[in-house]
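4 protein chains.
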Amino acid sequence: MSTASTTPAELFNAANTAKTFAYAPYSNFRVGAALRTTSGRIFTGCNVENSSYGLAICAERTALVKAVSEGFREFTDICVTTDLTDKFCSPCGACRQFIVEFGLDITVHLCKPDGSSQITTSGRILPDAFTPADLKLDRVKA
Amino acid sequence: MSTASTTPAELFNAANTAKTFAYAPYSNFRVGAALRTTSGRIFTGCNVENSSYGLAICAERTALVKAVSEGFREFTDICVTTDLTDKFCSPCGACRQFIVEFGLDITVHLCKPDGSSQITTSGRILPDAFTPADLKLDRVKA
Amino acid sequence: MSTASTTPAELFNAANTAKTFAYAPYSNFRVGAALRTTSGRIFTGCNVENSSYGLAICAERTALVKAVSEGFREFTDICVTTDLTDKFCSPCGACRQFIVEFGLDITVHLCKPDGSSQITTSGRILPDAFTPADLKLDRVKA
Amino acid sequence: MSTASTTPAELFNAANTAKTFAYAPYSNFRVGAALRTTSGRIFTGCNVENSSYGLAICAERTALVKAVSEGFREFTDICVTTDLTDKFCSPCGACRQFIVEFGLDITVHLCKPDGSSQITTSGRILPDAFTPADLKLDRVKA
Ligand SMILES: [Zn+2]
Ligand SMILES: [Zn+2]
Ligand SMILES: [Zn+2]
Ligand SMILES: [Zn+2]
Chain W
1 MSTASTTPAE LFNAANTAKT FAYAPYSNFR VGAALRTTSG RIFTGCNVEN SSYGLAICAE
61 RTALVKAVSE GFREFTDICV TTDLTDKFCS PCGACRQFIV EFGLDITVHL CKPDGSSQIT
121 TSGRILPDAF TPADLKLDRV KA
Chain X
1 MSTASTTPAE LFNAANTAKT FAYAPYSNFR VGAALRTTSG RIFTGCNVEN SSYGLAICAE
61 RTALVKAVSE GFREFTDICV TTDLTDKFCS PCGACRQFIV EFGLDITVHL CKPDGSSQIT
121 TSGRILPDAF TPADLKLDRV KA
Chain C
1 MSTASTTPAE LFNAANTAKT FAYAPYSNFR VGAALRTTSG RIFTGCNVEN SSYGLAICAE
61 RTALVKAVSE GFREFTDICV TTDLTDKFCS PCGACRQFIV EFGLDITVHL CKPDGSSQIT
121 TSGRILPDAF TPADLKLDRV KA
Chain S
1 MSTASTTPAE LFNAANTAKT FAYAPYSNFR VGAALRTTSG RIFTGCNVEN SSYGLAICAE
61 RTALVKAVSE GFREFTDICV TTDLTDKFCS PCGACRQFIV EFGLDITVHL CKPDGSSQIT
121 TSGRILPDAF TPADLKLDRV KA
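Chains W, X, C and S are the protein sequences, given in the same order.
Under the UniProt record's numbering, the first residue of the first sequence is numbered 1, with each subsequent residue one higher.
Under the UniProt record's numbering, the first residue of the second sequence is numbered 1, with each subsequent residue one higher.
Under the UniProt record's numbering, the first residue of the third sequence is numbered 1, with each subsequent residue one higher.
Under the UniProt record's numbering, the first residue of the fourth sequence is numbered 1, with each subsequent residue one higher.
Put into structure tokens, the structure is as follows:
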């Protein structure tokens, strides 16, 4: 599950398994994610909710913080899957922002539970993104 | 400042004034926002940061929660302005998600400090958005 | 509603009215808050949820960002009320952190819908808080 | 590092190593955490920040979502360490809320970089916590 030649199917399978660990007692909306590093490692994630709803952390962000906390910051692909049978469900805006922190060219696989998918990129789902570079641009004096 | 005939200039001025109230001791990156309801009321916002960085609330979300807490949930325009002189700075992904909760057709004005602007919409800056309707679609059994 | 001699009952009434504006379609858990500045102004808040649950903003934080965005940063009291009949419901940890950014001695009124209350302080409900000062203490070299 | 007989020193060492992976380009405030499951597994975490400051995820929450996403929801201890030489730095309010979702009796180890520590519990650092049970209590009709 962690070679450089990961297939989209392997990535989906990893995300789909991670989904089973979702802690989603409030939304009952399970999400799984699988993130692939440039070196071919896969990190999975699920959503983890909280009784104070605003503290919920999505599957995509879970996968990203796992990878970062193990020393990985460069990624090629992220796969997201939910329980929705008729929609290629896309990450929420917060996750899109979290993903683009690590690159605008990360391939994003949106997968239905049956494994069928649509492919896009981190930059395309957050056009004209706010990025780390923006914090360093010229400003007027406060 | 609260009639149905608000001009983009009035909206910018409101956002620009709100920016002066930014509580941004950590980023020193000030942001102002002004939100217009369908009835012509304007609600302004600034960013409010926290020593635990993850608790920061952006200017756009501040304007939105203000409006909602006064009984307004329908909006026509939101204007965002920063101190960046050379960029029409766009909302972060979290704010885009927060905006689309209230509609995909809200006009978004991205303004430089000199008042020049680019115009887009909430739906265009969060393509294929995750929305309230998604929570109600058909699912596979968990 | 905005003189220096606000009574706890007035603060509760403001919070209780704000609760009616809660946008809580996911939790159906309505919360209202009312914040008093040192100058006697009152700012109210309600919870505002999102289909991406993690983006929800609580009533207490709504009241605080409203006040800050109007130029106020010093507060004497915050009142919180929910629909729970049998519990003096306390702010979530995120809100406690957001409140202590503005002081450890803010009086916190926990109110039932009938107006009965318990009183505590921001510092007591977040003992040994992480505060802005912590970011400036001596560190080992990274 | 993952037997039932983990010592506090082992937990600190795991947290201290995780700290080196912190992605904290904005605060330069590195935090490491190590979480112990009831079965003796250790999951580590570091803080992961974002150019939109409000999206930062703390070390403690990173450790928790990692564990949950691997199928673990019962914990005995969490250790937190920063670079502060003179303070036993405590979790932010958001993390305290995230921890108590999984129990009020989790031992919390606050460690300086030299490994010296203070011990408390999740319930003691979030007194009168808002918990999952609160969402199910009796309410007045909306
Ligand atoms: Zn998300
Ligand atoms: Zn934002
Ligand atoms: Zn809260
Ligand atoms: Zn934290």
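Where is the CB? At the ideal position from N, CA and C, for every residue including glycine.
Where does W:Phe75 fall in DSSP's three states?
-> Counting from 1 along the first sequence, the entry for residue 75 of chain W is found at position 75. Three-state DSSP puts W:Phe75 in a strand.
Check whether the Cβ of S:Phe12 lies closer than 7 Å to any Cβ atom in chain W.
-> Position 12 of the fourth sequence holds residue 12 of chain S. Judged by the 7 Å Cβ criterion, S:Phe12 is not in contact with chain W.
Residues with a Cβ closer than 6 Å to any heavy atom of ligand 1, in chain order?
-> W:Cys58, W:Glu60, W:Pro91, W:Cys92, W:Ala94, W:Cys95 and C:Ser52
Is it right to say C:Ser116 is buried, meaning 16 or more other beta carbons lie within 10 angstroms of its own, or is it exposed?
-> Residue numbering aside, residue 116 of chain C sits at position 116 when the third sequence is read from its first letter. Looking at its Cβ environment, which holds fewer than 16 other Cβ atoms inside 10 Å, C:Ser116 is exposed.
Chain X residues whose Cβ lies nearer than 9 Å to that of C:Glu101 = Here the question's residue 101 of chain C lines up with position 101 in the third sequence. The answer, in chain order, is Tyr23, Val48, Glu49, Asn50, Ser51, Ser52 and Leu55.
Find the nearest neighbour of X:Asp128 within the set X:Val80, X:Arg96 and X:Thr6, judged by alpha-carbon distance.
-> Along the second sequence, one-based indexing puts residue 128 of chain X at 128. The candidate whose alpha carbon is nearest that of X:Asp128 is X:Arg96.
Taking only beta-carbon atoms, is W:Ala15 less than 7 Å away from chain S?
-> For the purposes of this step, residue 15 of chain W is taken as the residue at position 15 of the first sequence. Answer no: the Cβ-Cβ gap between W:Ala15 and chain S never drops below 7 Å.
Three-state secondary structure assigned by DSSP to S:Ile57 | Sequence index remark: in the fourth sequence, residue 57 of chain S carries index 57 (1-based). In the structure shown, S:Ile57 sits in a strand (DSSP, three-state: E or B).
Contact check, S:Arg61 vs S:Phe102 under 8 Å by CB: the rounded distance?
-> Sequence index remark: in the fourth sequence, residue 61 of chain S carries index 61 (1-based). Sequence index remark: in the fourth sequence, residue 102 of chain S carries index 102 (1-based). Incorrect: roughly 11 Å between the Cβ atoms, too far for contact.
With 16 other CB atoms within 10 Å as the buried threshold, where does X:Pro91 fall?
-> What you label residue 91 of chain X is simply residue 91 of the second sequence in a count that begins at 1. With 16 or more Cβ atoms within 10 Å of its Cβ, X:Pro91 is classed as buried.
Per DSSP, which one or two residues make a beta bridge with S:Tyr26?
-> Here residue 26 of chain S refers to the residue found at position 26 when the fourth sequence is read from its first residue. Bridge partners of S:Tyr26: none, in fact.
Mind checking if S:Ala33 is an interface residue toward chain X, Cβ cutoff 7 Å exclusive?
-> Locating residue 33 of chain S in the fourth sequence gives position 33, counting from the first residue. With 7 Å as the cut-off, S:Ala33 does not count as an interface residue toward chain X.
Helix, strand or coil at C:Leu35 according to DSSP, with G and I counted as helix | The count along the third sequence starts at 1 and reaches residue 35 of chain C at position 35. It is a strand residue.
Does the pairing of the region 70-84 of chain S with the region 7-17 of chain S give three or more beta-carbon distances under 8 Å?
-> yes
Alpha carbon to alpha carbon, how far is W:Ala59 from S:Asp134? Give it in angstroms, no decimals.
-> Counting from one through the fourth sequence, the residue named residue 134 of chain S turns up at place 134. Counting from one through the first sequence, the residue named residue 59 of chain W turns up at place 59. Distance between the alpha carbons of S:Asp134 and W:Ala59: 25 Å.
Length of the line joining the Cα atoms of S:Gly123 and S:Val108 = For this step, residue 123 of chain S is matched to residue 123 along the fourth sequence. For this step, residue 108 of chain S is matched to residue 108 along the fourth sequence. Taking the straight line from one Cα to the other gives about 10 Å.
First through last residue of the beta strand (DSSP E) which encompasses C:Val108 = Here residue 108 of chain C is taken as the residue at index 108 of the third sequence, counted from 1. Note, C:Val108: beta strand (DSSP E), Thr107 to Cys111.
Would you list the one or two residues that DSSP bridges to C:Val48?
-> Here residue 48 of chain C refers to the residue found at position 48 of the third sequence. According to DSSP, C:Val48 bridges with C:Tyr23 and C:Ile57.
Helix, strand or coil at S:Thr85 according to DSSP, with G and I counted as helix | In the fourth sequence, residue 85 of chain S corresponds to position 85, counting from 1. S:Thr85: coil per DSSP, three-state reduction.
Comparing the C-beta of W:Lys66 with each C-beta of chain S, is any distance below 7 Å?
-> Position 66 of the first sequence holds residue 66 of chain W. Yes, because at least one Cβ of chain S sits closer than 7 Å to the Cβ of W:Lys66.
Ignore the nearest five residues each way along the sequence and tell me which others in W:Thr3's own chain have a CB closer than 8 Å to its CB.
-> As a working mapping, residue 3 of chain W is identified with position 3 in the first sequence. Below a pLDDT of 50, predicted positions are generally treated as unreliable, and W:Thr3, at 46, falls in that range; the measurement from the model is reported next regardless. Hits under 8 Å: Gly40.
Return the CA-CA distance between W:Arg139 and W:Thr121, expressed in angstroms with no decimal places.
-> For this step, residue 139 of chain W is matched to residue 139 along the first sequence. For this step, residue 121 of chain W is matched to residue 121 along the first sequence. In a straight line, the C-alpha of W:Arg139 is about 30 Å away from that of W:Thr121.
Chain X contacts made by the region 113-138 of chain C, where a contact means CB separation under 7 Å = Phe130, Thr131, Pro132, Asp134 and Leu135
For S:Met1, collect the residues of the same chain with a Cβ closer than 7 Å to its Cβ; drop the 5 residues on either side in sequence, then sort them by chain order.
-> Start at 1 with the first residue of the fourth sequence, and residue 1 of chain S comes out as number 1. Because S:Met1 sits at a pLDDT of 42, beneath the cut-off of 50, its placement in the model cannot be relied upon, and the following sentence gives the value as read from the coordinates. Excluding sequence neighbours, S:Met1 sits near Glu10, Ala14 and Ile42.
Any C-beta of chain C under 7 Å from that of W:Ser69 | Working through the first sequence from its first residue, we reach residue 69 of chain W at position 69. So, not an interface residue.
Chain W residues whose Cβ lies nearer than 7 Å to that of X:Thr81 | The residue you call residue 81 of chain X lines up with position 81 of the second sequence. Those within 7 Å of X:Thr81 in chain W number zero; the least Cβ separation is about 10 Å.
Could you please give the first and the last residue of the uninterrupted beta strand (DSSP E) stretch that includes S:Arg99?
-> Translated into the one-based positions of the fourth sequence, residue 99 of chain S becomes position 99. Looking at the sequence provided, one finds Ile at residue 99 of chain S rather than Arg. Note, S:Ile99: premise wrong, no beta strand (DSSP E); alpha helix (DSSP H) at Gly93 to Val100.
Can you list, in chain order, the residues of its chain whose CB lies under 8 Å from that of X:Asn16, leaving out five sequence neighbours each side?
-> Counted from its first residue, the second sequence places residue 16 of chain X at position 16. For X:Asn16, where only same-chain residues beyond five positions count, the Cβ hits under 8 Å are Gly32, Thr81, Cys111, Pro113 and Gly115.
Could you have a look at C:Ser117 and say whether DSSP puts it in helix, strand or coil?
-> Along the third sequence, read from residue 1 onward, the residue named residue 117 of chain C stands at position 117. Strand at C:Ser117.
Between the Cα of X:Arg30 and those of X:Glu49, X:Thr37, X:Arg36 and X:Thr38, spot the shortest distance and give me the residue it belongs to.
-> In the second sequence, the residue the question calls residue 30 of chain X occupies position 30. Cα-wise, what sits closest to X:Arg30 is X:Glu49.
How about X:Leu55 and S:Ala94: are their beta carbons less than 7 Å apart?
-> By one-based count along the second sequence, residue 55 of chain X stands at place 55. By one-based count along the fourth sequence, residue 94 of chain S stands at place 94. A contact, by the Cβ cut-off of 7 Å.
Compare the C-beta of S:Ala94 against all C-beta atoms of chain C and say whether one is closer than 7 Å.
-> Locating residue 94 of chain S in the fourth sequence gives position 94, counting from the first residue. Taking Cβ atoms only, chain C reaches closer than 7 Å to S:Ala94, which makes this a yes.
Out of curiosity, what's the CA-to-CA distance linking X:Lys141 and W:Ala22?
-> As a working mapping, residue 141 of chain X is identified with position 141 in the second sequence. As a working mapping, residue 22 of chain W is identified with position 22 in the first sequence. Their Cα atoms are separated by approximately 14 Å.
Along chain S, in chain order, which residues have C-beta atoms closer than 8 Å to that of X:Ser27?
-> In the second sequence, residue 27 of chain X corresponds to position 27, counting from 1. Those are Tyr26 and Tyr53, listed as they occur along chain S.
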